[in-house]
Structures are given as C-alpha cells and as structure tokens.
Amino acid sequence: MKRRPAPVLRAALALALLLGAALPAAAYIGPGAGFAFLSSFLVLFLTFFLAIFSFLSWPFRFLWRALRGQKAYKHSQVDKIVILGLDGMEPTIAEKFMAEGKLPNLSRLKKDGTYARLQTTIPSISPVAWSSFMTGSEPSKHNIFDFLSRDPKTYLPDLSSARIGKPKKVLSLGKYNIPISKPEIRGLRKSVPFWKLLGEQGIFSTILRVPITFPPEKFNGHLLSGMCTPDLKGSQGTFAFYTSDPQKIHRREGGLAVPVTVEGNAVNTFISGPDNTLLKSGGEIRIPMTIRLDPERDEAVVEVDGQSLRLKKGVFSPWTGLVFKPGLGIKVRSIARFLVTGVRPHFEMYVTPLNIDPEKPALPISHPFIYSVYLAKLLGRFITLGEANDTWALNEGVLSEEAFLELTYSNHREWEAMLFNAVKKTRKGLVVCVFETTDSIQHMFYRYLDKAHPALKTGQAKMGASVIEDLYRRMDDLVGRVEKTLGDKSALIVMSDHGFKSFRRGVNLNSWLWKNGYLHLKEGTSGDGEWFKDVDWTRTKAYALGLGGLYLNLKGREAQGIVGPGAEAAALKAKLMSKLAGLKDDAGGQVGINILFDRDVVYRGPYRENAPDLIVGYAEGYRASWDSVTGKVTPSVFEDNLKAWSGDHCIDPRVVPGVLFMNRKTNGRPPSIMDIAPTVMDLFGLAAPAHMDGRSLLAAESGADKKAASQPLERPGKKGRP
Amino acid sequence: MNVFNAAVSGLFDLLLAPFRSLSPWIALAVVSLLTGFLMLSIYRRASNQDGIRRVKNRIKAHLLELRLFKNDLGVSLRAQGSILAANLKYIGYAFKPLLVMIVPVLLILIQLNDWFGSRPLRAGEQALVKVRLAEGYSPIETDLRLEASAGLVVETPPLRIEEDREVDWRIRAESPGVRELILRWADQSAAKKVVVEDGRLARVSTAKVRTNIWREISHPGEKSLPSDSPVTTFEVRYPERRLGLFGIGVHWLVAYFVLSIILGFAFKGVFKVTL
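Chains P and S, in that order, give the protein sequences.
Quick note: the first sequence uses my numbering, first residue 84, plus one each step.
Quick note: the second sequence uses my numbering, first residue 286, plus one each step.
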C-alpha cells in the first residue's frame, strides 16, 4: 500500500514547488522580480538556517545552564515579575483619585494586594532614588547623589552618572585626528543592579528606560538605557528654536535659538550638530536646511538631508533621520522631530534634541547592542534621549502646553509599545519599565493644583488641573492593560521613586551663604556669573551646587579649600545646620528649609566622601532656586518661581514619598525604595546579598530572606536631625 | 507595429553601436546598468516604499529576535512564523512594481535576444532556412523559390514537409557582411537579412514573421510580412550565442539577470529605493 506523505512533508513539498516555479519566472521578468525574490529567498534561507541552528543548539544550551548550577525558579513563588515605574507619582494625588473612584485598576491592586507610601532616598531625586531601587542600597553605596557632582579641583559641575571622554589614542593625519582607540564611556554608578544578580542565577530580565543605566552594563537580559543617556551633542537634551522674530532671539535654557531670515518665502539655515572631533580645528558639524513657506496654507516644506517634509503648522513631523558627516566617510546618525509653530508674520520652528538613532547608535544605548536596533526595526524609531520630555522647551516658551503634552504622550506611547512587547516575549523572568511621563507632566503642570502658585499669573497658563487628572487616569489604564496580560503566577509592582509637591518659591543658598559671610565674591563682581565665576574661593567656606547639595570648601579636598578637616569642618557643618534648618521666607514668614542631613550621619557606604557635606531638605512649596542650582549669587535669598516648571520633589524626602502598589500582600512594614530589589529576589526565591540595605517586603517569605523581613528596619535617613 | 519596432530597435542599435567592437560582456553590462536604473526608478514610483520599508524592518526585527531570545524556544518559533508571514507580505508588495515592469522588461529582453541570443554565421558555416506557410497552403502546391545575394549560397533544393506546412533549405555563408535571402512565390517576394560575422557584435534577427501583434513584438529586427502572405515565418536557424567566462559559456539571460540585479542593488542608495 502506498503511504501518503505526512502533512508537514506535503507542506514542505508544496513550498519547494512554489519556490522552484518562482525561480524561472523571476529570471524571465528580470531585475524587478530579482530584487524581490532574491531578498525573499535570502530571508527564507537565513530563517531556516537560524531555525535549524536554534533547534539543534537548544539542548546543549539547556545542558550548559544546568551544569553551571543556575537555580533559576527552583524556589520561585512567581514565573514573572513586571515592575512599572511611574516616576514621581504622588501618593496624596493617587489616594484622592482612588477615593473618588477615578483609578479603578490601582484601587483594585490596593484592595487585593498592597498599597503603601514608599520611602524615598536622601535626596529625593530620580537618579539617586532609581539607583537605590536597582541596587537595594543607600546612595553612598551606589555613588549617585544628584544629577550633578562637582569637580573639587575646578568647582565646576560634572554629570554624576557617566563620563564620556575623547579617545585616548588618536592618529594625527593632516587636518584630522583619527581615533585609534575607543572613546571613554564610563558609568559612575557603583554597586550591582539586582537584575544582574538574577541573571547570574539564570533569570532573564528586560529593563526599559530605568534611570542611570547609561552606559548599559552586560548582564543576562536586555536593557535600553534611560535617564542620563545623552543626545548627539553630548548634552542632556538641546532643542533648537528657529525664528525670524528678532525679539525672540535670546539665550534659551536647554536649547539653541537660531535667528533666520525669510527671503521670498524661503529660509536657508542649518541643523546644528555635534562638535567635529575628527578635525583638529574642531567646530560644529552642520546639515544645511531649506524651508519653503506656504503662508496661504499655513505650512512649510522642510528640505533637509535629502528629505522633504511637508509640515502643517502645529503638527509634529515623524522621527526624521539626520546624518552628520564629520569627514573621511564617517557618518554619525541621529533622529529628530520638527514642529512649525509659526509661518507668519514670523517663521518659527522647534526641533527636538538630536536623539541618538536607535537603528544605528553612535553610542551604546542598549544591551546587547542590537537590542535598540531590534526595537527600532520592530516598533519604529523612538526617542533615546534620557531626559526625553522637553520640559525646557515649554519652560522657555518655545513649545506650547498642548504641543508639550502631545510630544510627551507620543514618547510615552513608544515606551508602552516596548513594554508590552517585552511582557509578551517574557514567559519567565523580570520586566521593568520606567515612565518619566508622570514626572515631566507634574513638573510642568503642578501649578494648576496650587491656586497660590505665582506662575499662574504669568506665562502661558491656559490649561487646568484636568491635565494631572488625565495623567493619573492614563497611568491607571496602563496598569489595567498590563495586568490583563499577566497570569496567576505573575507579580505586578507599580511604584514611584518619589512624590511631588508645588514649587512656589526658590531658595538661593549661595545668596544666603554670601549674606551670612560663608561665601565671598570677588571685588567688583555682582555674583551673577554662572558656576561660581564671581566667587572668591580664598575666603569662601561653603557653597551650594545642584538641587540639594551643600559643600564645605575643605582644605586638601577643594583646590582652594580654607576649612580645616575634622573638628573645624564638623563645627561649621553644625553651625550651618542650626542656622539653615527652619530658615524662614522673608515674604510671609513660612519655613523654607525643614532639615539638613549630615552625610556622615545618613550615609555609611564606601562612596560617602563623594557626597555633598550637607543635603538640604526644603519645605513643601520651596526648592533650590534656578540660579542657586547653577552657582549664581543673587541679591535676595527667596524668590518666586515664575516658570512653568512648577512642581518638584527635590525637597525634604519625608514630604515626598513615592507609591507602592503590588498584587501580593506584604508584611505591613513601611516600605522603602531600597526594599524593592530584595523583594524581587525573594519572589524569585533568591536571598538578597548582604550589601543591600533593603529587606524583603513579602508577607509569606520563600525562606530566602526570612532573617530581616519581620524586623523593624533602621533607615539611614531617619537619623537626620530636624 | 513596424514603426514602433523600428523605433525601439533603432534606439538599441544606437545604444550598442559604440560597443560593437568590444567584448559582448561590456555591451551587456551597459544595458544591464541602464535597465537597472530604469527598474529602480520604476520600482520607486510603482511600489509602496513605506510598506516595503516597514515589512523589511519587521523581517529584520524578527531575525534579531531569534538571536535575542535564543534560549526561548517559543519566542524563536513565533519569530520564525512572523518572518515567513512578513516575507509573504514583502512578495505581495513587490507584485505591483513587477506588473508595471513586465512591459518594459519584456521589450528590453526581446531586443537583447536579437543582440545576444544568436551569433552571426561564420564564413563557410551552414544554416537551415525554414519557411512556414499559413493554414490552407500546401508546401507541395505552393511554388516557393529561395535566392541568395552575393556572399551566400543556397546549397540544397527545397525540402517540403507537408504535415508541418514547412519548406526547408540549407544555405552556406561565404563572406562577412549583412547578406540577403529572397523568397519568391507567385508574383510576390520577401527579403530576409542574413548576418555573416565580421568580428563585431551585431543584431541577429532570426525570423521575419507575418503581421500579428504578438509575433511582431517578439521579432522586431525586420519589417513584417504582409497579413495576406501565405508565408507566416521566414526563419534562419543561427547558432546560439554563449558568453565566455573563464572557459564557461554563459547564457545571456543568466548574465543579464545577475548583472542587472547586482547593479540595481549597488545603486539603490543613489535612487533612494528600498528593495
């Protein structure tokens, strides 16, 4: 009896016949068919090759993992953990909306699992808090104390999280300096993220946009860097604002104002790119750009880098590739979006910061390197800049509130797509995604929740409190959608790194130090020079830098230090703490500073010496003033905050805890952000390493972290003196 | 159709004239390059470039997925399924430009077949001449006579094959140049060119055909026979041409296919085409 071929075999035969028939056809109709069929066959060939390789090698890989003794999931309570980081979600707002029934998904998590206010770090700043989240440690163990650190040799600020330097070895050839070694790209965050520890035990993780993950570190999983990933210019985000209105040409914080002239409805200008490090003479690399205006239709055609974009006023372009050519055939790729904000009487256009192109990244932004390429190919181009949402463009009046929201939610949708892709592809393991949407929108719209906010009287305050409500509702909806994808053996954690409060008044600590004789200015200067340009260091005892740091001008540490270490420094710190804690606003008499934290009391880790000597805990409604952050001295200590950036969290950490929601019951102990890492490890049945300061929050432990879970925890932060 | 054929053939004759004394590979490479350009510009206009870009990106993404999720058999299998599905979609996207391209490519191939499909006779070489008659005409009853111009010799009397309505002769080429055969019947006649090799690349029209749009399109090298002619095809059986490559004879169609694809891919960036 003749046997009929099996269905699989029949299908294979049919496919072979189809391919066989296609070949002569392709040959007959020439190159057009060739283009299509050749590519298709190449793909088919590659797919089958990879499939066979994958099948054949799988048992060996499985055996290898078993032999290496990885204990993945042996004692695990869960298959999968998803952590949604909603940066800056404020507990009082969430609680209010939950009580009003506006956040059904978060309310359900609270009812069936856990809800608590989450203690944040000292200081309560995102890079610090998220570093503590990932390492389970207090800041002096991970070495991140602010966005900025300072170089004691120059008193100038440095980015605290990463250092990007030029290549050490270059070949000098004519007008070129050709790099022959890799540029220095070094992360400054210390300690070990918990996903690396999980990976060592065979638990796979996908980490999306967690702050302070640039440059990406190797581990068993995928990672896309978040906050602190630079733009192509090496900055934390430099937008460009083109305008033909001479009155709008002035210095723009966080961006460039480019004056243009309209000649016969055309504008000839350029995109300002990164510095040309290939040329000995240096200089900015530029891409010429021509904009043809159509005032009748209220639109413009932007011709740039061989592309033509027809842009209606007020409508963002899609991500557009821009290739900078420093010379010698080298190409540096970026992506940007364009928004024409005015055609007449003046032409105005906003261009986003030049993001590193995820498809061909100029710097490593993911681990493995191909992960960002994969995401871009699968989901389309996406924002890669760490500080993704352009708060400065709104602050400086370049973007309207509506445009800012549109851009921010557009970025948010890109991250959601990445998250859902990761959740779908992770059968077992960990997925973490941090959304900065909550942080950015609250920073820029918090004034609508505070009727006394001075910025409501100025600027473009057209919207209302519904912006924040809409934000919280959207986040609740996101939580609901994620929850739907999870099974019974999945844990969901929704958390924020800190909360939010209104930022009504700025406190210039440098001005206070100057007025009280701790800081001196050079003769004949006013103090308005940035980065302590006017400061006379030979007579200065203390200075403030960044969002909460106060430094002593210490002998042997600072280049021109005058305060002796030991007793003299301790006495000075004590004096400053007693004078500044409870400092009252000269207008209204409210307390502007609650507390100062002495680093020698609150920190115990090996990097304590890199921390500011004192960390300032501003009272609700106050924060370091804009000028204070950049080392300027102004005549008054307190000033109104008139910017759209009207909410903040860089204050007394006790006032701005974050939120913690979980679909599991915890042991009821007040949680800290440092507890998340050991809790995740406990859920996976692994013991947290001794260096972690946090402890598992699980009610019924797996046994891995029983020792400390039920004990009351002494938090370093609680030792601060009010 | 004669005018159209003359125009297209004239264009190709003009195009290839500078390369006739050179290796046929050079002439073929030039045509491949130009047709590659033509195809690229057609592809760019006729295809859904955004769709192709999207689907190619998806294919690449799923290929990367195989590498990124190599330890997860389920994800790998789904990725392979997605690649196959996306590949089918890609072929679908290529279908429309293919349809648009068929017409010009067909015309080009017909012209190239005249130039590279057969080689001219060499002096002293023999060839068959075949004349096929229309339905209703008998090769025995129709008085067909074949005459040759100087440089050609008709070597045999006619061989009449009744069942095929065909009359055959054997001719021999004597000296290089474009010669002529004249076929006579009743008071009518038809002339057919015969190319005898002079060392240069030449158009070789193998057959002269009776007026019929499809047959005329496929035989553009000579003016067609009148529609009432009893003769439907007046054909010389030339030897097939092979292009020499490291001692191997390559069919011109294979050479053209490979060259035009390579050149098309090489210049796709210049034309900003996603293939």
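Just so it is clear, CB atoms sit at the ideal spot from N, CA and C, and this is done for glycine as well.
Decide if residue i is buried, meaning its Cβ has at least 16 other Cβ atoms within 10 Å, or exposed.
i	result
Ile533 of chain S	exposed
Thr237 of chain P	exposed
Ser244 of chain P	buried
Gly309 of chain P	buried
Val565 of chain P	buried
Phe452 of chain P	exposed
Glu470 of chain P	buried
Asn504 of chain P	buried
Arg148 of chain P	exposed
Lys157 of chain P	exposed
Leu544 of chain S	buried
Arg334 of chain P	exposed
Ser264 of chain P	exposed
Asp265 of chain S	Residue 265 of chain S is absent from the structure shown; chain S starts at 286 and stops at 560.
Residue i by DSSP, collapsed to three states: which one?
i	result
Ile573 of chain S	Absent from the model: residue 573 of chain S. The displayed extent of chain S is 286 to 560, so no value can be given.
Asn348 of chain P	coil
Arg420 of chain P	coil
Leu539 of chain P	helix
Ala476 of chain P	helix
Tyr375 of chain S	helix
Trp470 of chain S	strand
Ile164 of chain P	strand
Tyr433 of chain P	strand
Phe324 of chain P	strand
Met745 of chain P	strand
Val555 of chain S	coil
Thr296 of chain P	coil
Gly257 of chain P	coil
Ala419 of chain S	coil
Trp402 of chain P	coil
Val388 of chain S	helix
Gln202 of chain P	strand
Ile112 of chain P	Because the pLDDT at Ile112 of chain P is just 43, under 50, the model does not fix this residue reliably, and the point stays unresolved.
Gln411 of chain S	strand
Which residue wins for smallest C-alpha separation from residue i, given the options the options?
i	options	result
Gly366 of chain P	P:Leu150, P:Pro357, P:Ser493, P:Asp710	P:Pro357
Asn724 of chain P	P:Leu602, P:Ala535, P:Leu697, P:Pro695	P:Ala535
Ser514 of chain S	S:Glu420, S:Glu507, S:Leu349, S:Lys553	S:Glu420
Lys598 of chain P	P:Val685, P:Ser449, P:Ala625, P:Ala707	P:Ala625
Thr373 of chain P	P:Val506, P:Ile164, P:Thr344, P:Ser400	P:Thr344
Gly463 of chain P	S:Ser306, S:Ile446, S:Lys345, S:Met386	S:Lys345
Leu431 of chain S	S:Leu397, S:Pro443, S:Met386	S:Pro443
Asp559 of chain P	P:Ala155, P:Ile164, P:Ala177	P:Ala177
Leu502 of chain P	P:Gln319, P:Leu306, P:Leu376	P:Leu306
Trp498 of chain P	P:Lys279, P:Leu280, P:Arg292, P:Ile135	P:Arg292
Leu486 of chain S	S:Leu296, S:Val293, S:Leu301	S:Leu301
List, in order along the chain, the chain P residues whose C-beta lies closer than 7 Å to that of residue i?
i	result
Ser361 of chain S	Ser137
Asp561 of chain S	Not covered by the structure: residue 561 of chain S. The range shown for chain S is 286 to 560.
Can you pull the chain P neighbours of residue i, defined as C-beta to C-beta under 8 Å?
i	result
Arg343 of chain S	Lys460, Leu461
Under 9 Å Cβ-Cβ, which residues of chain S neighbour residue i?
i	result
Thr130 of chain P	Ile344, His347, Leu348, Leu351, Ala364, Gln365, Ile368, Leu369, Asn372
Ala155 of chain P	Within chain S, no residue comes near Ala155 of chain P; the closest Cβ sits about 11 Å away, beyond 9 Å.
Trp141 of chain P	Lys355, Asn356, Leu358, Ser361
Along chain S, in chain order, which residues have C-beta atoms closer than 8 Å to that of residue i?
i	result
His305 of chain P	Leu353
Arg144 of chain P	Lys355, Asn356
Ile453 of chain P	Leu349, Arg352, Leu353
For a contact defined as C-beta to C-beta under 7 Å, what are the partners of residue i on chain S?
i	result
Val456 of chain P	Leu349
Ile466 of chain P	By Cβ distance, chain S contributes nothing, its closest Cβ being about 18 Å from Ile466 of chain P, past 7 Å.
Ala134 of chain P	Gln365
Worksheet entry | Residues within the segment 470-483 of chain S neighbouring chain P, beta-carbon criterion of under 9 Å | none
Fill in: Within 7 Å of chain S by C-beta, residues of the segment 485-519 of chain P in sequence order
Lys508, Arg510
Worksheet entry | Residues, ordered as in the chain, of the segment 541-553 of chain S that lie near chain P by beta-carbon distance below 7 Å | Phe542, Ser545, Ile546, Gly549
Worksheet item: Using a Cβ cut-off of 9 Å, which residues of the segment 398-410 of chain S contact any Cβ in chain P, in chain order?
Response: None of the residues of the segment 398-410 of chain S has a beta carbon lying less than 9 Å from any beta carbon of chain P.
Worksheet item: Name the residues in the segment 738-760 of chain P whose C-beta lies less than 7 Å from a C-beta of chain S; which are they?
Response: none
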